[in-house]
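Undergrad: Going by this note's numbering, the first residue of the sequence shown is number 18, and it counts up by one from there.
No residue lacks a Cβ here, since even glycine has one placed at the ideal position from N, Cα and C.
Note that the coordinates shown come from a computational prediction; the quantities given were computed from them, not determined experimentally.
The structure that follows is given in the form of structure tokens.
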Amino acid sequence: MNTIFETMKLRDHFEESARLAKDILQDASFFEAMDRGVELLVNCLKGGHKIMSCGNGGSMCDAMHFAEELSGRYRDDRDPIAAMSLSDASVISCIGNDYGFDRVFARQIEALGNPGDVLLAISTSGQSANVLEAARAARERGIHVLALTGKDGGALAPLADVEVRVPWSGYADRIQEMHIKCIHAWIDAIEQAH
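If you want it as structure tokens, here you go:
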């Protein structure tokens, strides 16, 4: 049974999320970055390249969701789109064991990435060491980096060709909520262009 306090606390989550979404809707630079991001993704695919994605925890779930919606389908039936998440548990445990956890994504990029591909690198703090290593490995191979970040963008921001930063310095859950909105908007735009 919920008390009034618990109900108010639950409602606070929705109100805080709505305030952040309202702030973002008024941020022209945020949507300019979103536009540059979708342009990068669409041009990659039109050039016959693929999109790879990575992140940790909830960001890995977002990376997986992005890739499966593209290779599967989002809203409408269409041809599959070349996208993959660097999230195979056996690969991650193998690389982590042999080379260290910081290399779990970079090593996969070295094996699978080609010039002209795009890496969607997701980190709410912009400080995840393994995501940073992935971005560095991508740039060394001529792979474009599209970053979804929050807070101040962290060390990931300068490694990205395009960075979409959620302007929030509180808990990461709000950043993740906006990241999934970005991902859905990009998938929709990619499907329209496909």
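Classify Ser140: buried if its beta carbon has 16 or more other beta carbons within 10 angstroms, exposed otherwise.
TA: In the sequence shown, the residue the question calls residue 140 occupies position 123. Burial call: buried.
Undergrad: What first and last residue would you give for the beta strand (DSSP E) that runs through Val135?
TA: Taking the sequence shown and counting its residues from 1, the one referred to as residue 135 is at position 118. Looking at the DSSP string, the run of the beta strand (DSSP E) that includes Val135 is Val135 to Ile139.
Undergrad: Please identify the residue among Ala154, Ala138, Glu194 and His161 whose C-alpha is closest to the C-alpha of Pro256.
TA: Residue 256 lies beyond the stretch modelled for the chain, which goes from 18 to 211, so this question has no answer here.
Undergrad: To the nearest angstrom, how far is the alpha carbon of Cys78 from that of Gly89?
TA: Here residue 78 corresponds to residue number 61 of the sequence shown, with the count starting at 1. Here residue 89 corresponds to residue number 72 of the sequence shown, with the count starting at 1. If I take the Cα positions, the gap works out to 16 Å.
Undergrad: Do Gly143 and Arg191 come within 9 Å of each other at the CB atom, strictly closer than that value?
TA: Within the sequence shown, the letter at position 174 stands for residue 191. Within the sequence shown, the letter at position 126 stands for residue 143. Contact: no.
Undergrad: Below 8 Å, can you find three or more Cβ-Cβ pairs linking the stretch 62-77 to the stretch 98-111?
TA: A contact exists between the stretch 62-77 and the stretch 98-111.
Undergrad: Does DSSP put Ala99 in a helix, in a strand, or in coil?
TA: Within the sequence shown, residue 99 is the residue found at index 82, counting from 1. Here Ala99 sits in coil by DSSP.
Undergrad: By how many angstroms is the C-alpha of Gly74 removed from the C-alpha of Ala189?
TA: By 1-based counting over the sequence shown, the position of residue 189 is 172. By 1-based counting over the sequence shown, the position of residue 74 is 57. Computed Cα separation, rounded: 11 Å.
Undergrad: When you compare the CB positions of Arg124 and Ala154, do they come within less than 9 Å of one another, or not?
TA: Within the sequence shown, numbered from 1, the residue matching residue 124 stands at position 107. Within the sequence shown, numbered from 1, the residue matching residue 154 stands at position 137. Going by C-beta atoms, Arg124 is nearer than 9 Å to Ala154.
Undergrad: How big is the Cα-Cα spacing for Leu176 and Val162?
TA: Reading the sequence shown from its first residue, position 159 is the one you call residue 176. Reading the sequence shown from its first residue, position 145 is the one you call residue 162. So the two alpha carbons sit approximately 7 Å from each other.
Undergrad: Do Leu57 and Glu179 have their beta-carbon atoms positioned less than 9 Å apart in this structure?
TA: Residue 179 sits at position 162 when you count from the first residue of the sequence shown. Residue 57 sits at position 40 when you count from the first residue of the sequence shown. First, the residue type needs correcting, since residue 179 is Val and not Glu in the sequence shown. Yes, the Cβ-Cβ distance between Val179 and Leu57 is below 9 Å.
Undergrad: List the DSSP bridge partners of Cys61.
TA: The count along the sequence shown starts at 1 and reaches residue 61 at position 44. Its beta-bridge partners do not exist; DSSP assigns none.
Undergrad: Could you pull the DSSP bridge partners for His161 from this structure?
TA: Numbered from its first residue, the sequence shown carries residue 161 at position 144. DSSP, once it has assigned bridges, lists Val135 as partnering His161.
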